[in-house]
Every structure is written in structure tokens, then in C-alpha cells.
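Worksheet: the structure to be examined is printed underneath.
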Amino acid sequence: MPRPDFPLTILEFQQRFGTEDACRAYVFASRWPEGFVCPGCGARHAGNETRRHLWICTGCGLQTSVTAGTVMHGTRLPLRTWFWAAYLVSTFHPGISAKQLQRQLGIGCHETAWAMLHKLRGAMVAPERELLKGEVEIDEFFLGGYEEGLKGGRQRGKKALCGAVIEVRGRGSGRLRLQVLANSRATTLEAFTKATSAPGAIVHTDGLFSYGALTKLGYDHRPRKVASVPDDEQLLPRVHRAISNLKAWMHGTHRGVSPEHLPVYLDEFVFRHNRRGTPMAGFQTLLGLGLAHDPITYRDIIDRAA
Ligand SMILES: [Zn+2]
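For the sequence shown, the residue numbers in my numbering are 642 to 947.
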């Protein structure tokens, strides 16, 4: 049996996760899709201690809480509150603040809401390491320098060089990867390409000298200079669209991010981008119920519904 699916609409969400028992059953099914397995000895039989919701292994006597290994482990808050928080954090497009979370879920104290948000966002920074396949566009760009209070010529602040790579899916885009780069030298850009894109992929670049050896590394490199692109056509349109969305998001929601925190925000943007068709898919990951692989695609859902 595969791990359970996730609701596709807010109504479905509300109906499915209306009680503590329903939430607990969902956590159980996500964690043990084939039925209970003792984390201590691997036995498949356990008694249920219903008051504290513990499973007690009949083989070795180990007590396991169903939430162990998830972000909800040891929590005093209702699981329903966690489920709703994960829903809000994963579906609220620009990102949600601790204050909004506190207000929307009626959480008594700000520190609790803040800690909760912090834990949920922790799952977004788990790097998605599956290599992009098929056909990709790669580019590098500067990000940051939004610090306020700098005047005149110093208005740029500190900028960081970043790399972006995105899958080509017909006229649209597939999965995205972002990374802060040390420089734009060949070794750096080659390492970025290897860390993000599967060998054999068709790689479109702007023909920067540093990409010169990609063919030797086993990629089908298709460099194109800006000057050779007709006026009605855009060079690397998908990766440029992602970069400009990222810049708008950073500028609107996360002004004044210092360079050392930048990777966290890049990961969050990638998390949201890669789930933009199915934001609900993110809630499993945020609760620690999902596996660390890439999200279910819109296509998967269409196939599932069929
Ligand atoms: Zn056991």
C-alpha cells in the first residue's frame, strides 16, 4: 500500500482532518503504510495504549509514539493545529508570518507560533537532490543588495552571485534548483551543473566562457549568444522568468536578507516553485510525513484522478 494521498481542496482538508483521531490515523498511515513496524526490533505486532496514544511492541516492549520522527513529536498542541499550520505554510503563496499563524489558528502565545513555524520551515530547507533531467536552462545572476538606508552609489548593498537551473517542459517549466555560487569560474559552474543536472541532459546556456567544457562532461550543451537571438525570441526564457519571480518574492517578502541566510530563502523558493501546481503536496513534507524526494506532479494527480 502506498503512503496516503493528500486532500486537493480546502474543503476536503477540513473534512478529512476534523478530529484528532483522523489526524493520528493519517500520521500512522504515512509512517507505517504496511502496518506497524517496531523501530526497535522490526516486529509487526504491538499493543495500543490509548490514553497516551502509544504503541507497545509485543516483541521487545518498546513504546513508540506515532508522531516520533515527525515535527509533531512531543508536542502539547493538538495535531489538528499542526495540520492546519502545515496547510497554511505550504499553500500561502508568499509565505506566512508567525503572527499570522498565531492569529489564524488561535494559538495563545507568540513563541509557540514562532517555534511551530520554525519547525515547519525546517522541512523546506531539506535540499532536494534529485538531478534534473531531459532539457534544462542554466544561468547565473546577482541577488540581494536590498538593504535599506544606503544612499546614492552605495544603494546596491551586498549582492550574491547565484546559479539557477530549470527543466524545460514544452513551453513551460519543470523543477527548479538554486544555489549561491562562489564565483563564475568554469570549475564553479561545472560543479553547479553536475550537482543539479543529470548527465546527458540538453543544457541551454548564454554561451558564457565558463560553460565551455560542459560537452566534455557528458552534457548536450547548446550555447547561444544574446546577439544571435531574434528580437521576438527570448534567450533562456524559463530560467529568466524564475529568476525574476525570485527577485520579486525576495524584494516583497524578505527584504534585507543577509547573504549568510540567503541559501535558506533559495531553498524555500525552490520548495514553493516545485509545488506550485500542487501546494497541498507540501503539507506532508512539512509535517515530516513525506519522503525527501521531489513532490508529486500535477501530472501524477491527473493520472490518479483518471
Ligand atoms: Zn520491538
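We treat Cβ as the ideally placed atom computed from N, Cα and C, and that holds for glycine.
Asked                                                                                                                                                                                         : Found
If I'm right that Val844 touches Leu855 with Cβ under 8 Å, what's the distance once you round it to whole angstroms?                                                                          : 6 Å
Would you say Ala754 touches ligand 1, meaning its beta carbon is less than 6 Å from a heavy atom?                                                                                            : no
Can you name, in chain order, every residue of its own chain whose Cβ lies under 7 Å from the Cβ of Leu772, other than the five neighbours on each side?                                      : Thr837, Ser838 and Ala839
Please list the terminal residues of the continuous beta strand (DSSP E) segment that includes Ser706.                                                                                        : Gln704 to Ser706
Taking only heavy atoms of ligand 1 into account, decide whether any of them is closer than 6 Å to the Cβ of Cys803.                                                                          : no
For ligand 1, I want to know if Ala709 counts as a neighbour, meaning its beta carbon is within less than 6 Å of at least one of the ligand's heavy atoms.                                    : no
Decide if the segment 730 to 741 is in contact with the segment 690 to 709; the criterion is three or more beta carbon pairs, one per stretch, under 8 Å apart.                               : no
Apart from the five residues on each side of it in sequence, which residues of its chain come closer than 8 Å, Cβ to Cβ, to Cys682?                                                           : Cys698, Gly700, Cys701 and Leu703
Please state if the CB of Ala832 and the CB of Ser851 are separated by a distance shorter than 7 Å.                                                                                           : no
Please go through the same chain and pick out, in chain order, the residues whose beta-carbon is closer than 6 Å to the beta-carbon of Thr846, but skip the five residues on each side of it. : Ile779, Tyr852 and Pro864
Going straight from the alpha carbon of Lys866 to that of Leu928, what length do you get?                                                                                                     : 45 Å
For Glu808, does the count of other Cβ atoms within 10 angstroms reach 16, so buried, or fall short, so exposed?                                                                              : buried
Residues in the same chain with beta-carbon distance under 8 Å from Arg657, minus the five sequence neighbours each way, listed in chain order, please.                                       : Pro648, Ala663 and Tyr667
Report yes or no: do the segment 738 to 745 and the segment 707 to 722 share at least 3 C-beta pairs separated by less than 8 Å?                                                              : no
Per DSSP, which residues does Lys800 bridge with? Please list them.                                                                                                                           : Gly785
Is any non-hydrogen atom of ligand 1 found closer than 6 Å to the C-beta of Gly681, if you look at the structure I gave you?                                                                  : yes
Can you say whether His862 is buried or exposed, counting buried as having 16 or more other CB atoms within 10 angstroms of its CB?                                                           : buried
Quick check: Leu802 and Leu822, are their CB atoms within less than 7 Å of each other?                                                                                                        : yes
Going by beta-carbon coordinates alone, are Phe783 and Lys799 separated by less than 7 Å?                                                                                                     : no
Can we say the segment 879 to 898 touches the segment 811 to 819, given the rule of at least three CB pairs closer than 8 Å?                                                                  : yes
Cβ of Leu703 within 6 Å of any heavy atom in ligand 1?                                                                                                                                        : yes
Name the DSSP bridge partner or partners of Glu690?                                                                                                                                           : Leu695
Please list the terminal residues of the continuous alpha helix (DSSP H) segment that includes Ser671.                                                                                        : Glu661 to Arg672
From what residue to what residue does the alpha helix (DSSP H) around Ser731 run?                                                                                                            : Leu720 to Thr732
Tell me, please, which residues DSSP counts as bridged to Gln820.                                                                                                                             : Gly804
Go to Asp861, then tell me how far its beta strand (DSSP E) extends in each direction, as first and last residue.                                                                             : Asp861 to Pro864
Any idea what DSSP makes of Ser738, helix, strand or coil?                                                                                                                                    : coil
Can the beta-carbon of Phe669 be found less than 7 Å from the beta-carbon of Val707?                                                                                                          : yes
First and last residue of the beta strand (DSSP E) that includes Val905?                                                                                                                      : From DSSP, Val905 is part of no beta strand (DSSP E) but of the alpha helix (DSSP H) over Leu903 to Asn915.
Run the CB neighbour count on Gln655, radius 10 Å, all protein chains shown included, and call it buried at 16 or more, exposed below.                                                        : exposed
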